[in-house]
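Participant: Have a look at this one.
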Amino acid sequence: MITTNAMQKIEYSDADLVIETLDGNRDAFRRIVERYQTLICSLAYSATGNLSRSEDMAQETFLAAWRQIRSLREPAKLRAWLCGIVRRRIQKDFERDGREPLHNAAPLENAQNCPAVEALPSEQAISREQEAILWRSLEKIPELYREPLILYYRENQSVEEVALALDLTEHAVKKRLSRGRRLLQDEVQAFVESTLRGTAPDKEFSGAVLAMLPWAAGPAVGVGAGAKETAAAKSGFFSSWLLPLVPFLGIAAGVGAQWLIIRSTTVDRKDRLRQLIIILIFWIVYLGLAVFGESATYALGSHFEWSSRARFVSVISFWWLFVLIGITFLSVSLQRAAIKRSMRIAAGELPPPVTTPMKHGRLALVVAGVYLMFSWVLRLTWNAHDPLATGIAAASMLVLALWSFFRLRGRAATEIMPALGRDLVVLGLMILAVLNLRADVWVAASYGVTVAEAHNLQPIWIIPVLTIAGIAWTALVTALTKPSPEV
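Residue -9 is where the sequence shown starts when you use the working numbering, and the numbers rise one by one after that.
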């Protein structure tokens, strides 16, 4: 057996320390405690919200590990084994008392009335009032982000150490840390960071564990634990500069296509100008409402301190409602404008529309402009780091655009716009299919988690529900605004 003095000079692996512990070397177990005390205490604190209770639970975990260490079949997986012990103790503790994980957190208003007790290392570092404020700031963050955030500031702000402790990639840790920081209130972020640095267990903790160890290790049953890993994302000039402009370029292309249609069907210059002004006003107002509406939704969420799930539902619902309002307005207004225009032409107030076939070059520009209006989908899928969906959307737009062009050759401009409208219905249904099939992938990429974890984090089921409601509403509006057949 290796002596204590020899162990102090050599850095041993987990497997080496487990083997030495099995031989009765208590100093080897001390090294295990010192190596993983921050990790185990952090996991317990993230679940309980109480520093004293988390250290008690961590000590219980190490004592259980001492008794059960003979059941560890793979010594190299010591870290995962210890994490499994503390997580099971947390779950068992909650189930036994029938309470939620936040039960142990002390209310902020009661912090000043807490009686003085013998101070633990953590209580010497911060006051009870500070502890209450600290947890008040952290408890609203999902545990998926809270664990790495707590561990990061207790591990001297080392992403590498957090990734190693939680069996994650450094990229995944960075994404979770970034998301966790955004969820913290700005006014308390600096306090949380500085306070967590002072709550990490010190050498006195490992000494307390060793002092409570029995003189013999009793074998029992042990269980291992697993890990998760997420994918990486990319960025560059395209995604940083060009991509944000894609939706606006698409709208500009759509306005250009509408202008070409107007020029091809309208003889009177004043009538052309009037229609162009109406189109420009519509898009300016519509885009302005989009920006204002989304900003207002986020502002309401911050003001009323909505949870992450509530914010997700509110943003998704806003955009679905916004699109449905736009579809309804366009369906009704365009139908009424067409009827009014037909009446003015019949009364001789306007000249009849041009019925000559549109030139191929102009038709190509019209078709391209109309389909480019949906280029915002490419930005959405690209920002979600989903090249598969981006490729499917781009290919669908290209194929449908070519199909529309060859099908509409030789037709007059008065026939082209209604036909393109029907083609766009097909494209819209394809976009809805992509949104519903890939939404969970995008949420997972945004949060830096797996797809299964994304469904637990956010109510993604609301997207297909809103899709069905949107299709039903659009069909109803179309049926109600459909012109009656002439008698």
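Where is the CB? At the ideal position from N, CA and C, for every residue including glycine. Here the structure is a predicted model, which is why all the values come from computation and not from measurement.
Excluding the 5 residues preceding and the 5 following L239 in the sequence, name in chain order all residues of the same chain whose CB lies nearer than 8 Å to its CB.
Facilitator: Locating residue 239 in the sequence shown gives position 249, where the first residue counts as 1. Contacts found: L362, S365.
Participant: Restricting to Cα atoms, I'd like to know which of L355, A384, L72, R326 is closest to A243.
Facilitator: As a first step, residue 243 must be located in the sequence shown, where it is residue number 253. Comparing Cα-Cα distances from A243 to each of L355, A384, L72, R326, the minimum goes to L355.
Participant: Leaving out the 5 sequence neighbours to the left and right, which residues in its chain are closer than 8 Å to G170 when beta-carbon positions are compared?
Facilitator: Residue numbering aside, residue 170 sits at position 180 when the sequence shown is read from its first letter. Excluding sequence neighbours, G170 sits near I131, Y135, R136, P138, L139.
Participant: Short check: CB of R187 to CB of Y142, under 8 Å?
Facilitator: Along the sequence shown, one-based indexing puts residue 187 at 197. Along the sequence shown, one-based indexing puts residue 142 at 152. No, these two residues do not count as a Cβ contact at 8 Å.
Participant: Which word fits E45, buried or exposed, when buried means at least 16 other C-beta atoms lie within 10 angstroms of its C-beta?
Facilitator: If you number the sequence shown from 1, residue 45 lands on position 55. When all chains shown are included, E45 counts as buried.
Participant: In this structure, does DSSP put P347 in helix, strand or coil?
Facilitator: For the purposes of this step, residue 347 is identified with residue 357 of the sequence shown, where counting begins at 1. Correct three-state label for P347: strand.
Participant: Under three-state DSSP, which class holds A402?
Facilitator: Indexing the sequence shown from 1 puts residue 402 at position 412. A402 falls in the strand class under three-state DSSP.
Participant: Excluding sequence positions up to five away, which residues of its chain have a Cβ less than 6 Å from the Cβ of I335?
Facilitator: Your numbering for residue 335 matches position 345 in the sequence shown. Once the five neighbours on either side are set aside, the close Cβ partners of I335 are P342.
Participant: Once DSSP output is grouped into helix, strand and coil, what is the label at G316?
Facilitator: Position 326 of the sequence shown, counted from the first residue, corresponds to residue 316. G316 falls in the helix class under three-state DSSP.
Participant: On the three-pair Cβ rule with 8 Å, is the region 327 to 334 touching the region 383 to 392?
Facilitator: No, the region 327 to 334 is not in contact with the region 383 to 392.
Participant: What are the start and end residues of each continuous alpha helix (DSSP H) run of 4 or more residues lying completely inside the region 35 to 82, in chain order?
Facilitator: For the region 35 to 82, whole alpha helix (DSSP H) runs of length 4 or above, ordered along the chain, are 41 to 58.
Participant: Look at the Cβ atom of V360, then the Cβ atom of I421, and state whether they are nearer than 8 Å.
Facilitator: If you number the sequence shown from 1, residue 360 lands on position 370. If you number the sequence shown from 1, residue 421 lands on position 431. Not in contact: V360 and I421 (Cβ atoms no closer than 8 Å).
Participant: Judging by CA-CA distance, which residue of V431, I306, F84, L41 is the nearest neighbour of I123?
Facilitator: Numbered from its first residue, the sequence shown carries residue 123 at position 133. For the residues V431, I306, F84, L41, the minimum Cα distance to I123 belongs to L41.
Participant: Taking all protein chains shown into account, decide if K165 is buried (16 or more other Cβ within 10 angstroms of its Cβ) or exposed.
Facilitator: Residue mapping note: residue 165 aligns to position 175 of the sequence shown, counting from 1. K165 comes out buried.
Participant: What does a CB cutoff of less than 8 Å around P449 pick up in its chain, not counting 5 residues either side in sequence?
Facilitator: For the purposes of this step, residue 449 is identified with residue 459 of the sequence shown, where counting begins at 1. Same-chain partners within the cutoff: R299, F302, V303.
Participant: Based on Cα-Cα distance, which residue from F319, F396, S321 lies nearest to L353?
Facilitator: Mapped onto the sequence shown, residue 353 falls at position 363. Cα-wise, what sits closest to L353 is F396.
Participant: Below 8 Å between beta carbons: does that hold for A18 and L7?
Facilitator: On the sequence shown, residue 18 is found 28 positions in, with the first residue counted as 1. On the sequence shown, residue 7 is found 17 positions in, with the first residue counted as 1. Closer than 8 Å, so yes.
Participant: What is the C-beta distance between A402 and T346, in whole angstroms, given that I count them as a contact (C-beta under 8 Å)?
Facilitator: Counted from its first residue, the sequence shown places residue 402 at position 412. Counted from its first residue, the sequence shown places residue 346 at position 356. With a Cβ gap of about 6 Å, A402 and T346 count as contacting.
Participant: Taking just the CA atoms, how far does D261 sit from E339?
Facilitator: Counted from its first residue, the sequence shown places residue 339 at position 349. Counted from its first residue, the sequence shown places residue 261 at position 271. Their Cα atoms are separated by approximately 11 Å.
Participant: Report yes if the CB atom of I75 is closer than 8 Å to the CB atom of A48, and no otherwise.
Facilitator: Numbered from 1 along the sequence shown, position 85 holds the residue referred to as residue 75. Numbered from 1 along the sequence shown, position 58 holds the residue referred to as residue 48. Contact: no.
Participant: From what residue to what residue does the alpha helix (DSSP H) around F282 run?
Facilitator: Position 292 of the sequence shown, counting from 1, holds the residue named residue 282. It spans 259 to 293 - the alpha helix (DSSP H) in which F282 sits, taken as one unbroken run.
Participant: Ignore the nearest five residues each way along the sequence and tell me which others in I22's own chain have a CB closer than 6 Å to its CB.
Facilitator: Numbered from its first residue, the sequence shown carries residue 22 at position 32. Only L7 meet the Cβ criterion.
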